[in-house]
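This report concerns only the one structure given below.
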Amino acid sequence: MCVSEATSAPFANQLLAALPVEEFQQLIPWLEAVPLQVKQVLYEPNVPIQCVYFPIRGFISLLTVLQQHRIEVAAVGNEGMVGLPIFLNVDRTVGQTVVQVPGDAFRIEVAAFKRAVQPDRRLYQLLQHYTQVRINQMAQIAVCNRLHSIQQRCCRCLLMVQDRMNTDQFPLTQEILAQMLGVRRAGVSEVASTLQQQGLIQYHRGQITILDRSRLQAAACECYALIEQKYVRNRTDRTSGAR
Amino acid sequence: MPNRLLNALPAEDYQRLTFHLQSVTLSLGQMLYQPNEPIEYVYFPDQAIVSLVTVMEDGTTMEVSLVGQEGMVGIPAILGGHTTNTRAIVQVADGAMRLSASILRAEFNRGGALQNLLLRYTQFLLAQVSQTAICNRLHTLEERFARWLLLVQDSIQSDELPLTQELVAQMLGVRRSGVTVAAGTLRRAEIIYYTRGRLTILHRQNLEARACECYRVIRTEYDTLLGNSI
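Protein chains in written order, with our numbering: chain A, 1 to 243; chain B, 1001 to 1230.
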C-alpha cells in the first residue's frame, strides 16, 4: 500500500491526518508503509530507537518488564504513535513495545522525524498533546491494575483493542490478553468464559468477536471511559459487523 | 539551589527566571493542581515532597509519581495545557520555588537547556508511572511503602520524614489502617520508628531489602535520563 492510498483511507493515522497539507507533503518522502506482524517487537528496553511508527491498523502494547513479568501500561493504535521518547530527547524506551494485533503503519527514521518535529510545526503541538494523553492513560492504568478486578480490566482491554481495530472481530489469543493484563492465562480463560456465557463476546480459536459493546462498556471499569475520553475519535456507535 | 533541575541550568538561563521565581512554603496536604484544571503555577521543590495521584470516581487516590528536589510539579503546563487526570498533593511540607506557568512556557519555547531538561524529565515521569503500573500489580503494600520511603529519603536527604498516615494512605491507595499495618511491620523489625507526624528511618539497608526492585529501577532511570546534566 503506498502512502497516498493509506492516508486517503478511512483508517489513516489520526496524528498524521491532522497535519496541514504542506506539512504532510514534506513528510511523505520519509514515510514508509510497513506491515505490523503479531508479536513483532518494535522496541526492546534500553536499545536505541531507529524508527518511530504511526499505526494505521493494528494494536500495539507498551509493556513494562520486570524479571519474567510483563504488563501493559499503554495501548497504541491509529490514534497515536510509538517512539515517543525521541520527541522527549531520549533515544530509548524503558519497556518493550510489541504488536499484539497485526496491521500496518507508517515508519519514519529518527533523523527525519526529528527534522519534522520542529517547535513551529503542527506535528510538534500534536505530539505535546499526545504526550499528555499518554501520561493520562498510563496514570489511569497504573491505578486500575491495583484496584479493579481482572474481569473489569479485561473488558477495558478488549474495548481498547476494538477501538483501534475498527472491526468487531480480531485475532487475540488468551496468551496475549494474559500478558496485557499481567495475569496468568488461567485467569483470562475464566473471565473470557464468563463474558462469553453472558453473550458479551465470542471467543473461538484465537479470534474474539465483540457481540455487545454497550454491555461490555458497562462491565468495564471507569478507566475505559476516562482513557478513551481523551482521544478524539470519529466513531459511530457500533452494532455488529465491520464499519 | 537545592532543586536539581534549576541547578542544572546555565547561569544565563537561570538569570532570566530569577526575577519570576518565588520562594514558597508548601503546606501538608496542599493540592497544587487538580484533574481537569488548567495549571497556573509550576513548582520546583527544595525539601518538599509532592505526590502525583490518579483520582478514581469514588475518590480513591493512588500515587503514580513522586516529585521532590529532583523534579518539577506541573509538567502538563509544557504539554499544551490539556487536561490532566492527576492531582498533585503535598506529602512533606517544606520549601519550593514557584513559577508562573506562562513564564515557564516562554522559557521552554526558547528551545534551550530548560526545554531539554523538562522533556527528558517528562520521559522520567512516564518511566516512573510505567514502573508503578507493574509494581501495583506485583508487589505487596509493605514493599511499595518501603520503596516510597526510600525515594522520599533520597530526595530530602534526611532520616526524619514528617509524614502523616492519612496522606500516606492516599498515596498507597488504601485505608489508613493499611498503612498502620505496613508501618507496624517495619517498626517491629526496627527498620523505622514513628510517632505522630514523624517517621524516622533507623536502618536504611534493611529498608532497601524490604523494598521492591522498583526502587532501584526508578533511581537508575533518573540517573540515566538526567544524571549527566545534573
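Glycine included, each C-beta is placed from N, C-alpha and C at the ideal position.
From a predicted model like this one, the values you see are computed outputs, not experimental measurements.
Item	Value
Scan the segment 101 to 128 of chain A and note each continuous alpha helix (DSSP H) run of 4 residues or more that stays entirely inside, going in chain order.	110 to 116
Does the beta-carbon of H1139(B) have 16 or more other beta-carbons within 10 angstroms, so that it is buried, or is it exposed?	buried
Between the segment 1087 to 1101 of chain B and the segment 1026 to 1035 of chain B, do three or more beta carbon pairs fall short of 8 Å?	yes
In whole angstroms, what is the alpha-carbon distance linking N13(A) and T1185(B)?	51 Å
Could you tell me which chain B residues have their CB closer than 8 Å to the CB of G182(A), listed as they occur along the chain?	I1134, R1137, L1138
Please confirm whether Q100(A) has its beta-carbon closer than 7 Å to some beta-carbon of chain B.	no
Determine the chain A residues that contact R1120(B) at a beta-carbon separation under 8 Å, and present them in chain order.	L88, N89, V90
I need the DSSP call for P1162(B), collapsed to helix, strand or coil.	coil
Can you check which of these residues, L211(A), L84(A), L216(A), is closest to V110(A) by C-alpha distance?	L84(A)
Kindly list, in the order they appear in chain A, the residues whose Cβ is closer than 8 Å to that of V1064(B).	M138, A139, A142, V143
Measuring straight from C-alpha to C-alpha, what distance separates V1152(B) and E1143(B)?	14 Å
Would DSSP call L1009(B) helix, strand or coil?	coil
In whole angstroms, give me the CA-to-CA distance for R134(A) and A1077(B).	15 Å
Helix, strand or coil for F1019(B), going by three-state DSSP, please let me know.	coil
I1191(B) by DSSP, collapsed to three states: which one?	coil
Under 7 Å between beta-carbons, which chain B residues line up against I56(A)? List them in chain order, please.	The contacting residues do not exist; I56(A) stays about 24 Å from chain B at best.
Mind pulling the chain A residues with CB within less than 8 Å of G1111(B)?	P119
Please determine if the segment 100 to 115 of chain A and the segment 1039 to 1052 of chain B are in contact, where contact requires at least 3 C-beta pairs separated by less than 8 Å.	no
Let me check understanding here. Comparing Cα to Cα, which of W1148(B), Q1069(B), I1103(B), G1095(B) lies closest to L1207(B)?	W1148(B)
Taking N89(A) as the reference, give the member of I49(A), V41(A), D212(A), V143(A) with the closest Cα.	I49(A)
Taking CB distances under 7 Å as the criterion, tell me whether Q132(A) reaches chain B.	yes
Considering only C-alpha positions, which residue in the set I1049(B), R1198(B), I1039(B) is nearest to P1002(B)?	I1049(B)
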